[in-house]
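First residue of the sequence shown: 1271, per the numbering used here; consecutive thereafter. Here the structure comes first, spelled out in structure tokens, and everything after it is commentary.
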Amino acid sequence: MHRIVEELLLMASVRYTEVPREPVEMGAVVMEALERLSPLVTETGARVLLPESWPRALGYGPWLEEVWVNYLSNAIQYGGRPPLVELGADPLPDGRIRFWVRDNGPGIPLEKQAYLFTPFGIRSRLAGGHGLGLSIVRMIIEKLGGEVGAESTPGQGSTFWFTLRSAEESA
1271 MHRIVEELLL
1281 MASVRYTEVP
1291 REPVEMGAVV
1301 MEALERLSPL
1311 VTETGARVLL
1321 PESWPRALGY
1331 GPWLEEVWVN
1341 YLSNAIQYGG
1351 RPPLVELGAD
1361 PLPDGRIRFW
1371 VRDNGPGIPL
1381 EKQAYLFTPF
1391 GIRSRLAGGH
1401 GLGLSIVRMI
1411 IEKLGGEVGA
1421 ESTPGQGSTF
1431 WFTLRSAEES
1441 A
């Protein structure tokens, strides 16, 4: 119950708070998220593969940490056994960056993918969660001017992504 209240408060904060979009050192944000998840990583024996370097993007660090915590915890919880989680970032031609998390889980059927980023979405309910996490991710990223999405094929894992404007493009 405590976790649900925290997530509802975060949703309200995102909805009603204006934050500056500043250059964010994404590697540092990811490391903070992994630190918060270290008990889960240890408990599951997850392997997390990181790129050698991260591009800087325009955003708000505390909110982006929540995005990474959500994507990473989902990849670890719903990934294969043991979980193998890969993170990355790809520049897009329009000056945005696509950040992503790929897991080795069972994948998500196409008919359920449309509900992933809606409140009380299907993925967390399948595993006994309450279904607010990915809707919060969507709210945060849209508030920061980006988009979210997922690609998944049953039996081949899932890739969850979000886009943000590159800090280098706006410098």
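Glycine included, each C-beta is placed from N, C-alpha and C at the ideal position. The structure presented is a predicted model; accordingly, all values stated were derived computationally and were not measured.
- When Cβ pairs closer than 8 angstroms are counted between the two stretches, the segment 1302 to 1313 is seen not to touch the segment 1371 to 1388, the count staying below three.
- Per DSSP, the beta-bridge partners of residue 1367 are 1361 and 1434.
- Take residue 1388, set aside five residues on each side of it, and the residues of its chain with a beta-carbon closer than 7 angstroms to its own are 1405, in chain order.
- Bounds of any alpha helix (DSSP H) do not take in residue 1415, whose DSSP letter is neither H nor E.
- For residue 1289, no beta strand (DSSP E) segment is defined, and its DSSP state is neither H nor E.
- Cβ atoms of residue 1291 and residue 1348 stay farther apart than 8 angstroms, at about 30 angstroms.
- A Cβ-Cβ distance of about 13 angstroms is found for the pair residue 1432 and residue 1421, leaving them out of contact under the 8 angstroms criterion.
- For residue 1297, no beta strand (DSSP E) segment is defined; the enclosing uninterrupted segment is the alpha helix (DSSP H) at 1296 to 1306.
- In the displayed model, residue 1313 falls within a helix according to three-state DSSP.
- Put simply, of 1367, 1414, 1373 and 1435 the residue whose alpha carbon is nearest the alpha carbon of residue 1429 is 1373.
- The alpha carbon of residue 1423 has as its nearest neighbour, out of 1296, 1375, 1402 and 1411, the alpha carbon of 1375.
- Here residue 1357 is buried. Its C-beta has 16 or more other C-beta atoms within 10 Å.
- Secondary structure note for residue 1328: its beta strand (DSSP E) is the uninterrupted segment 1326 to 1329.
- Per DSSP, the beta-bridge partners of residue 1429 are 1372 and 1421.
- The beta carbon of residue 1370 sits closer than 6 angstroms to those of 1358, 1429 and 1431, all from its chain and outside the five residues before and after it, given in chain order.
- Taking 8 angstroms as the cut-off, the Cβ atoms of residue 1342 and residue 1303 count as close.
- Note that the C-beta distance between residue 1300 and residue 1327 is not below 8 angstroms.
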